[in-house]
Structure formats: structure tokens, C-alpha cells
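This report concerns only the one structure given below.
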Amino acid sequence: MSDPIAHTGDAVAGPDLNERGTPRPHTKAGTSIWAAAGLTLARDLRLAFRKRGQLVQPLVFFAIVTTLFPLAISPELSRLRDVAPGVLWVAALLSSQLALEFLFRDDAQDGTLEQAALSGQSLSGLLFAKTGAHWLLTGLPLALMAPLAGLSLGVPVASVPGIVASVAVGSVALSLIGSMGAAITLGVKRSGALLSLLTLPLAMPVLIFGARATELAIKGESYGPPLELLGALAVLGITLAPLATAAAVRVNLE
Amino acid sequence: MSWTWFHRLGSPPYIYNLAARLTPWFAWPAALLMLGGLYDGLVLSPPDYQQGDGFRMMYVHVPTAYLSVMIYTTMAICAAVGLIWRIKVAHAVAASCAPIGASITLCALVTGSLWGAPMWGTYWEWDPRLTSELILLFLYLGYMGLRSATEDVQRADRISAVLAIVGVVNVPIIHFSVVWWNSLHQGSTLLRADGPAIATSMLIPLLMMLLGFTLFFVAVLLVRLRGEILSRERSASWIREAVTP
Amino acid sequence: MTLKAENLHLWRGDRHVLQGVSFAASEGECLQITGSNGAGKTSLLRTLSGLMYPEEGTVTWRGQGIRSDLLGYHSELAYIGHEPPLKGDLTARENLHYWIGIRWPVSQGETEKALERVGAHGWSDRPVRTLSAGQKRRVALAGLTLMMDVPLWLLDEPTTNLDKQGQHLVGALIEEHLSRGGLVVAAIHHDLSVRTTAMRRLELARE
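Protein chains in written order, with this note's numbering: chain A, 1 to 254; chain B, 1 to 245; chain C, 1 to 207.
Right, dumping it as C-alpha cells:
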């Protein structure tokens with residue numbers, strides 16, 4: 001093993017030199033992973049907007065699910081206010097699942113996922129960008145819609161910032177967990193039920209902390225601690241989920 | 001360091017025969033320990049001053065609960081070994097673990113529910129231990145569901161390995177979040193920092209059961225593993241010699 | 001600069017798809033892989049690209065195993081499978097811009113020239129799903145023209161769905177690539193119309 005302390009003039013492996021210190025043959029400077037991720041994000045957003053009708057589906061689903069609870073329980077706002085955190089979160093969880101099945105499926109079918117795996121760019125980075133697009137199209141709108149649903153369930157107006165914050169942060173973790181599930185079930189036909197079976201147990205900690213944060217916000221109490229735990233889950237997800245997602249995609253491309 | 005033992009460990013016929021030879025070494029001690037532990041725990045040791053005879057369910061519940069997590073971890077480690085070093089036998093071990101782990105988790109849930117029923121007044125309470133066990137059962141079922149939904153055995157091995165690794169990382173997170181969420185269950189009496197808080201007369205049969213159950217798991221695993229290897233290698237030439245008497 | 005395959009064995013389930021495939025190809029050479037359907041041509045290309053992992057044998061590029069630096073190997077590889085890798089809702093132009101753009105920056109002018117070269121002028125602004133199979137294949141060829149500097153090309157039946165003119169285009173692109181010191185490994189049904197003396201064949205037999 002060579003001397004681990006680098007001296008000036010030593011060859012260091014990087015974009016221009018490979019591990020042996022010999023020049024990596026390029027003729028042009030490559031795109032950085034950040035630029036490639038940016039291109040991927042932009043492409044996925046552009047694709048989503050070309051199918052504008054499908055964009056609102058998770059939101060409509062969210063609205064319908066939250067409507068089910070007053071119909072099934074009671075129209076009394078005092079009772080609904082008690083169950084509001086749970087209702088909002090279960091609805092958000094199920095809605096964010098909707099678009100997951102298709103996160104990678106189109107790309108797997110038309111061969112572009114394969115090209116991403118062969119691009120020479122970090123696959124986890126590119127898939128993270130796709131997951132980011134999913135969050136921007138699903139999680140963030142849900143976070144903005146959740147207070148409306150909450151108000152319909154009798155929550156006080158002062159709790160709106162807390163609801164937005166908790167659903168926004170929690171949905172980041174949900175998108176990341178969902179991307180792992182979507183990648184893992186890529187090889188399964190009609191994977192909807194299996195995808196939920198795999199993703200929902202992993203999402204339970206997010207549900208626990210998120211619902212608690214929302215509940216405290218509704219009661220007007222400080223919701224910092226559960227929100228921080230939610231944030232920790234999101235950070236953990238950002239660090240680890242893309243690796244698992246890329247591994248699962250590579251296995252499914254074999 | 002000689003790598004031949006490592007290579008042999010990766011060879012299906014070697015493992016097939018090794019498993020057959022090892023099984024009795026685990027099965028008999030397991031039977032003795034479990035019978036002895038049960039006798040000691042159910043008959044010999046005195047009733048608990050608080051819970052009367054009901055606490056005796058602990059002798060089955062605690063080993064099964066501990067084992068349910070240990071089996072999942074073993075499954076995930078073997079799956080990871082198979083994924084990273086591409087050793088097929090490791091995948092066979094992981095596949096064999098899953099149904100055993102799921103059944104043991106179910107036992108843990110049932111015994112936990114029966115144990116708690118006299119105290120709670122109902123057969124189910126959302127206490128952190130049982131809730132974590134339930135979620136663990138879902139993880140096992142998801143793993144088994146993914147395997148059965150994937151047609152190609154090799155791909156099933158590799159993709160369920162990714163799932164198992166993701167699951168095992170999540171087990172502590174899930175457990176922490178569930179404990180955080182609620183606590184009705186009495187604190188863990190075996191794993192307290194200042195030493196076991198239960199009487200020696202209860203501790204000894206418990207340890208016997210723990211060890212007995214663990215050996216039982218290994219014995220059952222070895223038997224399942226042989227079946228799993230037979231099924232995977234059915235078209236290989238060594239099978240005919242191995243199976244004909 | 002050599003691509004070497006040594007004793008590749010690959011099983012898919014119980015099928016022994018690659019049975020000890022070996023070859024070496026160097027710069028300026030075009031290796032044509034032939035064989036009936038199901039003989040393993042696609043599996044061989046996918047193994048060479050690193051997408052599939054052989055049970056035995058190694059693939060080396062520039063003397064190093066491809067697994068030792070897979071991303072680096074990929075940056076020197078252009079692989080086009082059976083289907084052109086295009087997103088149906090994007091135009092040909094947008095597809096190229098992304099496909100090449102994630103590897104190195106490509107300007108609008110360059111994509112225009114590439115599309116012109118393959119005769120995509122009239123239909124490069126329509127969503128790709130409205131194009132015929134032959135037109136889609138041409139868009140993939142436009143991508144190849146932008147990847148002339150990528151040393152290794154792995155092509156799976158590059159002339160599928162192309163008319164005579166299209167087939168000549170494929171030949172011309174390959175010739176240009178070879179003359180620049182590139183390497184081509186292609187799975188084919190019919191011989192490529194490539195004018196070069198450095199053409200070799202590898203026949204794969206079914207199990």
C-alpha cells in the first residue's frame with residue numbers, strides 16, 4: 001500500500017487520472033454529477049408537465065381520502081379535530097404512494113434507466129434527482145394542501161405553519177423511502193400491492209413523528225422535538241436511500 | 001490464511017452434507033435445554049408475587065421475541081454476504097431463515113398477547129414491544145412476498161437481499177420510534193445496565209430457554225437449508241449421488 | 001486499447017447462455033457477433049457493458065477488469081440496446097440533449113448537426129412516440145454521431161428497422177468511428193456494410 005500522505009506533484013485519482021495515476025482518456029470535460037442531476041430533475045419535471053392531467057391526481061386523492069373520514073366518523077368538528085393529525089397523515093402517506101409505482105417504470109421500459117446506469121455518472125445521484133422531482137410534484141403540493149384539509153377537519157388557523165412544516169419535511173422522507181420501494185419492485189408486474197406492503201412498514205416512523213408534530217401544532221404546543229426527529233429521518237433518508245435505490249435498480253437491470 | 005475453507009463454505013454439496021452432519025449436534029441439546037427450561041420454569045420455580053402464574057409465559061415469549069430480531073439480522077447478514085461476494089449458498093441461507101423468522105415472530109405476538117391479556121383485560125394492547133413485533137412481521141412478509149413475486153431465483157435472491165439490508169437498518173429506527181410513541185410494557189428486565197432485575201430462580205430457566213430456542217432455530221435452519229439447496233440445485237449432477245440411498 | 005473477454009460463462013436460470021466466450025478486440029477493429037435468436041448475443045453485450053455479471057470469466061478494458069472502475073469504464077462506453085433509449089413524450093432534440101448532456105455538455109448547434117446528419121430534419125420537434133420505429137432508430141444514430149469520441153461502442157442490432165439508406169448510414173458512422181481509433185462490438189443478423197479490413201466475426205452457438 002503506497003504512502004498515504006500525498007506529496008506535491010503526486011498523481012491523485014480524480015476525473016482526469018484513474019487509480020493507477022495514468023491519464024483517463026477523455027477528449028472533453030465531462031458533465032459534473034450536479035449538472036447531470038439538474039438535467040435529470042428538469043427533464044422529469046418537463047415530462048410531468050406534459051401530462052398535466054396526471055399531476056393533480058395525488059392531490060385529488062388526498063382530498064377524497066380526507067373526505068372519507070367525516071363521512072365515516074361524524075360531521076362534528078370537535079371529534080374530527082381529535083383525529084385530524086392521523087387522518088391527514090394517513091391520507092398523505094397513501095397519496096404519496098400513488099405516483100411511486102411509476103417513478104422508475106417508464107424509464108425502465110423505454111431503456112433510459114439503463115442508459116442512466118451506463119452514463120458513467122453516479123446512479124444514486126441521478127435517481128436522487130428523480131426522487132427530488134417526485135417530491136416537488138407530490139410531497140410539496142401535499143404539504144401546501146394539508147392545511148386546507150386540516151381546516152375542513154376543524155383545526156385552528158394558527159396551526160397551519162406547523163402542519164405545512166411537518167408534512168413538508170415528512171414527505172421528503174416518504175419520497176425517499178418510496179423510491180427504494182419502487183426500485184425494489186421494478187421487476188414485479190403489477191407491483192402496487194407489494195409496493196405498499198414493502199413501503200408502509202418502513203414509513204411508520206415517519207408517520208409516528210409526523211402525526212405527533214401535527215398534533216402538537218394543532219393543540220398550539222411546541223412541535224420542535226418531533227419535527228427535529230422527522231428532520232433526522234429525512235437526512236438519514238437523503239444519505240442512505242439513494243444508495244439502496246441505485247443498488248436495487250442495478251439488480252433489476254441484470 | 002488458507003482460503004479453501006472459505007471456498008468450501010460457498011459450495012452447495014459441501015454445505016448440504018455439512019448441514020446433515022451438524023443437525024443432531026443442535027437438535028438434541030436444543031430439545032434437552034427446552035424441556036429442562038420448561039420444566040424448571042413451569043414447575044419448579046415459584047410464582048411471581050405480582051403476576052402469579054401468568055408471568056410464566058415469559059419463558060416462551062422472551063426467547064421468541066429475541067429470536068425474531070436475531071433471525072432477521074442473520075437473514076440480512078447472509079443476504080448481504082450473498083449480494084456483495086456473490087455467494088449463492090448465502091442466499092439459500094437467507095431464504096431458509098425467512099419463514100422460520102416469520103413463524104417465530106407470530107409466536108412472539110401470540111405469546112405476548114396471551115401474557116398481557118390477564119394484566120390488560122384485553123388480548124391486544126398497542127404496547128411498544130408488541131407493536132414493533134407486528135411491524136417486524138410485516139417486514140418478514142414483505143421479504144417473502146417479494147421473493148415469491150420474482151420469477152427468476154437469482155434476481156429474487158439479489159433484490160430481496162437489498163430489501164433485507166434496508167429492513168435491518170430500519171429495525172432499530174422502527175423500534176425507537178415505537179418506544180417513543182408509547183410505553184405500557186414493563187421495562188426490559190434482562191437488559192438493564194445494573195444487571196438482571198429478576199430473581200435467579202427465574203433467570204436460569206429463562207437463559208436455558210433462550211439458548212434452547214436459539215439452538216432449535218439453527219437445527220431447523222439446517223434442515224430447511226438442505227431442502228432449499230436441493231430445490232436450487234435440482235439440475236446439478238451431484239444431486240443424484242447425494243439423494244440416492 | 002483493448003477489450004478482452006476471457007472465458008465468459010453466464011447462466012440465466014438453468015440455461016447456460018454464454019459457454020466460455022473469449023475474444024480480444026483492439027482499436028480500429030469491428031467485431032460482429034452473430035448467432036440465431038436466443039444464442040446469447042444480447043446477453044454477451046450486456047455482460048461486456050457491465051450490466052450483467054458473468055458467473056465465470058472476466059472482461060478487461062485497457063488491461064484492467066471493468067469492475068475495478070465501473071463508472072470510469074462507462075464513461076468510455078456507448079451502449080445502444082434493442083430499443084433506442086428515448087422518452088416518448090420528449091422531442092428528438094430534447095432526448096438527445098439529455099442523453100448526451102448527462103455525459104458532457106452538448107450545445108444546441110451540435111444536436112442540430114447530429115439530427116441533420118441522420119435526416120431527422122422534418123420531424124425533430126415532434127414527441128418521439130409519434131415517430132416510426134425507423135425514425136426512432138435514426139435518433140439513436142444521431143446520438144452516436146455525438147459520441148464519436150467515446151472509444152468503445154457496443155451496439156445491439158443497430159440496423160433494425162432501417163431502410164437501405166439507413167443501413168448505409170450505420171456503416172458510415174462505424175467506419176468513421178473505426179478510423180478515429182474507436183472499437184465497435186455489434187450484435188447483428190446481417191453483415192454490416194462497413195468498408196474496412198479490420199472486420200471480425202464471433203459466432204455464438206445455442207446451448
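From the three backbone atoms N, C-alpha and C, an ideal C-beta is built for every residue, glycine too.
Here the structure is a predicted model, which means the values were calculated and not measured.
Rounded C-alpha distance that separates residue i from residue j
i	j	result
glutamate 233 of chain B	aspartate 14 of chain C	9 Å
glycine 119 of chain C	arginine 138 of chain C	8 Å
glutamine 121 of chain A	valine 90 of chain A	36 Å
glutamate 55 of chain C	leucine 10 of chain C	5 Å
valine 235 of chain A	alanine 78 of chain C	35 Å
isoleucine 33 of chain C	lysine 41 of chain C	7 Å
aspartate 110 of chain A	leucine 86 of chain C	6 Å
valine 162 of chain B	alanine 156 of chain B	10 Å
threonine 160 of chain C	arginine 46 of chain A	30 Å
lysine 136 of chain C	aspartate 163 of chain C	13 Å
methionine 1 of chain C	serine 26 of chain C	6 Å
leucine 155 of chain C	leucine 148 of chain A	53 Å
isoleucine 102 of chain C	tyrosine 73 of chain C	16 Å
proline 47 of chain B	phenylalanine 55 of chain B	8 Å
glycine 86 of chain A	tryptophan 126 of chain B	16 Å
proline 75 of chain A	glycine 154 of chain A	10 Å
serine 95 of chain A	leucine 88 of chain A	10 Å
serine 43 of chain C	valine 17 of chain C	8 Å
histidine 330 of chain B	glycine 38 of chain A	No statement about residue 330 of chain B is possible, as the shown extent of chain B runs from 1 to 245 and does not include it.
leucine 126 of chain A	proline 242 of chain A	9 Å
proline 118 of chain B	glutamate 151 of chain B	46 Å
leucine 113 of chain A	leucine 123 of chain A	9 Å
leucine 103 of chain A	leucine 77 of chain A	37 Å
arginine 67 of chain C	valine 185 of chain C	19 Å
leucine 173 of chain C	glutamate 228 of chain A	57 Å
alanine 36 of chain A	glycine 132 of chain A	13 Å
methionine 57 of chain B	leucine 202 of chain A	30 Å
Limits of the unbroken beta strand (DSSP E) element including residue i
i	result
histidine 16 of chain C	15-26
methionine 148 of chain C	Counting along the chain, methionine 148 of chain C falls outside any beta strand (DSSP E), and DSSP gives it neither H nor E.
arginine 67 of chain C	No beta strand (DSSP E) holds arginine 67 of chain C; DSSP gives it neither H nor E.
isoleucine 33 of chain C	30-34
threonine 2 of chain C	2-12
Cβ-based neighbour list, residue i, same chain, cut-off 7 Å, excluding 5 preceding and 5 following
i	result
glycine 38 of chain C	Arg206
isoleucine 71 of chain B	Cys97, Ile100, Gly101, Ile104 and Phe217
glycine 192 of chain A	Glu101
serine 2 of chain A	At serine 2 of chain A, the pLDDT of 46 sits below 50, so the modelled position is not reliable; the number obtained from the coordinates is stated separately. Here the set comprises nothing.
isoleucine 143 of chain A	At residue 143 of chain A the sequence reads alanine, which differs from the isoleucine that was named. Within the same chain, alanine 143 of chain A has close Cβ partners Val164, Val167, Ala168 and Ser171.
methionine 75 of chain B	Ala94, Cys97, Ala98, Gly101 and Ala164
valine 150 of chain C	Glu76, Leu77 and Ala78
proline 141 of chain A	Leu59
tyrosine 14 of chain B	Arg8
methionine 208 of chain B	Leu33, Gly36, Gly37 and Asp40
glycine 187 of chain A	Asn252
Beta-carbon proximity list for residue i, same chain, < 8 Å, skipping 5 on both sides
i	result
leucine 139 of chain B	Tyr72, Gly167, Asn170 and Val171
threonine 111 of chain C	Arg93, Leu96, His97, Ile100, Ala142 and Leu146
proline 205 of chain A	Leu233
valine 223 of chain B	Ala19 and Thr23
Cutoff 6 Å; reference residue i; Cβ partners in own chain excluding five residues on either side
i	result
alanine 30 of chain B	Gly212, Leu215, Phe216 and Ala219
glycine 112 of chain B	His61 and Leu130
histidine 175 of chain B	Ser132
leucine 137 of chain A	Ala48
glutamine 108 of chain C	none
Residue range of the alpha helix (DSSP H) that includes residue i
i	result
leucine 130 of chain B	128-149
histidine 14 of chain B	As written in the sequence, residue 14 of chain B is tyrosine, which differs from the histidine given in the question. Residues 12-38.
glutamine 121 of chain A	Segment: none, glutamine 121 of chain A is in no alpha helix (DSSP H) and carries neither H nor E.
alanine 146 of chain A	140-152
tryptophan 99 of chain C	92-101
leucine 45 of chain C	41-49
arginine 201 of chain C	Looking at the DSSP string, arginine 201 of chain C is not in any alpha helix (DSSP H); the run it does join, the beta strand (DSSP E), is 199-203.
alanine 29 of chain A	Neither: alanine 29 of chain A is in no alpha helix (DSSP H) and is coded neither H nor E.
Min CB distance residue i to chain F below 8 Å
i	result
aspartate 157 of chain B	The chain inventory of the structure shown lacks chain F, comprising the protein chains A, B and C.
| said: Which runs of the beta strand (DSSP E) at least 3 residues long sit entirely within the region 160-190 of chain C? Give them in chain order. | reply: 183-187
| message | Any C-beta of chain A within less than 9 Å: which residues of the region 161-179 of chain B qualify? | response | Ala161, Val162, Leu163, Ile165, Val166, Gly167, Val169, Asn170, Ile173, Ile174, Phe176, Ser177 and Val178
| said: Taking beta-carbon pairs under 8 Å, can you tell me which members of the region 202-214 of chain A lie near chain B? | reply: Leu202, Met204, Pro205, Ile208, Phe209 and Arg212
| field | the region 206-237 of chain B: positions lying closer than 7 Å to chain C by Cβ | value | Ser235
| query | Using a beta-carbon distance cut-off of less than 8 Å, what residues from the region 184-202 of chain A approach chain B? | reply | Ile184, Thr185, Gly187, Val188, Ser191, Leu194, Leu197, Leu198, Leu200, Pro201 and Leu202
| request: Could you tell me which uninterrupted alpha helix (DSSP H) segments, each at least 4 residues in length, are contained entirely in the region 176-249 of chain A, listed from first to last along the chain? | output: 192-219
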